[in-house]
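What follows is one structure encoded as structure tokens, with my remarks underneath.
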């Protein structure tokens with residue numbers, strides 16, 4: 010009876026997807042108007058596999074830029090250990106695609122992953138015939154997982170997380186979610202809390218483990234110091250205090266700009282590095298800055314002798330260098346209900362970290378940083394101004410927070426090596 014129920018629910022899911030196909034395609038076209046990169050390679054999203062993609066690969070699906078960057082060291086180590094093995098890395102976003110090319114180059118095949126339509130997934134699997142499918146974090150797609158499982162392809166979810174909010178949603182759809190989760194070969198979680206939520210959703214405890222987060226194993230580029238030094242000169246920031254607001258979203262930038270106006274009343278030379286999550290929004294953010302009578306320039310522009318109130322980051326892959334120029338870091342996606350972005354990057358660079366109340370994407374990381382006194386959670390833009398002001402004035406406090414943040418990050422490295430061992434064991438089964 011249970012499996013009949015699952016069959017009916019899965020069939021209903023497939024019907025809904027078919028009915029939504031025109032909407033999905035229209036949304037893709039509309040997205041392409043805002044971000045032209047979405048217009049390219051559309052066929053890949055519906056199961057068309059480029060001829061250059063080799064079959065029999067170990068397939069990593071890394072979704073977007075953050076996951077692609079986090080998975081790159083692991084994939085590189087697997088390539089070193091299995092030099093004769095093909096590797097395929099898929100993403101869903103152009104920014105993710107850029108990061109795959111930047112970090113992995115020609116060592117892997119790359120294309121977009123198919124949307125979770127049965128026909129698209131079937132076509133993709135038939136052409137690629139992967140040896141293993143490795144999913145990142147929360148990429149739990151019913152058709153993809155069930156079809157891979159039916160073909161005997163091991164499916165491993167690594168760096169897995171399951172927030173309380175997501176767990177409630179999966180519980181409400183348990184007829185669909187439980188069989189899909191059971192079809193995953195192994196789930197490697199970031200923490201014990203995440204592992205318990207998967208078990209509570211019906212996953213066999215023998216198929217779940219805690220390996221930590223591979224995002225702690227961030228590798229700083231060897232030329233980062235040189236890149237940051239050149240950027241500091243180019244942006245004319247050598248003698249100025251600087252704070253950065255990174256990975257920001259619509260609804261946040263205005264609050265941050267207002268905070269910057271107040272901060273400049275205390276520190277007139279203060280510069281804000283404002284880095285929207287999606288670099289194509291730089292012009293939109295610039296227009297908002299001008300509404301407040303502040304001067305701005307894009308980080309991609311050439312050297313200047315001018316002094317600007319705000320510099321807008323508009324280059325993918327530049328964030329670490331921009332962090333290196335700052336005295337204090339605000340991590341975005343947290344003053345709006347997005348769940349926050351990765352605080353590990355500024356932490357590793359020894360910056361004091363400030364963020365808003367919406368941090369459910371990084372609950373455990375935030376908790377560890379908070380316990381060490383390396384992270385300040387603020388409730389609103391008013392508190393943002395107050396906390397950033399205190400940190401900019403208190404050099405010793407900044408140094409202490411930054412040192413504590415880096416210590417937390419360094420004490421949690423090792424997930425990449427543990428995950429590597431897990432994947433090797435699954436290949437031997």
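In the numbering used here, the protein residues as written are 10 to 438.
Glycine residues also receive a C-beta, built at the ideal position from the N, C-alpha and C atoms.
At a Cβ-Cβ threshold of 9 Å, residue 365 and residue 393 count as neighbours. Sixteen is the threshold: since fewer than 16 other Cβ atoms of the shown chains lie within 10 Å of the Cβ of residue 24, the residue is exposed.
Look at residue 194 here: in three-state DSSP terms it is coil, with no helix or strand label. In terms of Cα proximity to residue 258, the closest of 118, 266, 417 is 266.
Among the bridge pairs identified by DSSP, residue 319 is matched with 281, 305.
Looking at 129, 116, 143, 64, the one whose alpha-carbon comes closest to that of residue 435 is 143. Excluding the 5 residues flanking it on each side, residue 216 has same chain C-beta neighbours closer than 6 Å at 195, in chain order. A residue is called buried once 16 or more other Cβ atoms fall within 10 Å of its Cβ, and residue 21, having fewer, is exposed. Partner residues in the beta bridge of residue 166, as assigned by DSSP, are 144, 196.
In the same chain as residue 146, and ignoring 5 residues on each side of it, the C-beta atoms closer than 7 Å to its own belong to 76, 168, 169, 170, in chain order. Using a C-beta cut-off of 8 Å, the segment 369-376 makes no contact with the segment 306-321, since fewer than three inter-stretch Cβ pairs fall below that distance.
When DSSP states are grouped into helix, strand and coil, residue 121 belongs to the strand group. Under DSSP, residue 219 takes part in a beta bridge, and its partners are 198.
The straight-line gap separating the alpha-carbon atoms of residue 150 and residue 125 is approximately 6 Å. When beta bridges are read from the DSSP output, residue 97 appears opposite 68, 118. With a threshold of 16 other beta carbon atoms within 10 Å, residue 56 meets it and is buried. In the three-state scheme derived from DSSP, where H, G and I count as helix and E and B as strand, residue 257 is classed as strand.
Excluding its 5 nearest sequence neighbours in each direction, residue 101 has C-beta neighbours in its own chain below 7 Å: 72, 73, 121, 122, listed in chain order. For residue 339, the three-state secondary structure derived from DSSP is strand.
Residue 254 places its beta carbon less than 9 Å from that of residue 341. According to the DSSP assignment, residue 314 belongs to no alpha helix (DSSP H), since it is labelled neither H nor E. Secondary structure of residue 385 (DSSP, three-state): strand.
In its chain, beyond the 5 residues on either side, 305 have a beta carbon closer than 8 Å to the beta carbon of residue 299. For residue 162, the CB contacts under 8 Å within the same chain, skipping 5 residues up- and downstream, are 134, 139, 140, 141, 142 in chain order. About 6 Å separates the CB atoms of residue 97 and residue 62; that is less than 8 Å, so the two are in contact. Cβ neighbours of residue 345 within its own chain (closer than 7 Å, five residues either side excluded): 258, 260, 261, 367. For residue 362, the pairing in a beta bridge is given by DSSP as 338, 384.
Between the C-alpha atoms of residue 108 and residue 326 there is a straight-line separation of about 8 Å.
Beta-bridge analysis with DSSP links residue 251 to 280. The three-state secondary structure of residue 159, taken from DSSP, is helix.
Looking at 321, 164, 192, 385, the one whose alpha-carbon comes closest to that of residue 362 is 385. By the neighbour-count definition (other C-beta atoms within 10 Å, threshold 16), residue 428 is a buried residue. In the three-state reduction of the DSSP assignment, residue 63 falls in the coil class, being assigned neither a helical nor a strand state. Secondary structure at residue 231: coil, using DSSP grouped into helix, strand and coil.
Pairing residue 430 with residue 285, the inter-Cα distance amounts to about 36 Å. For residue 265, the enclosing alpha helix (DSSP H) begins and ends at 262-275.
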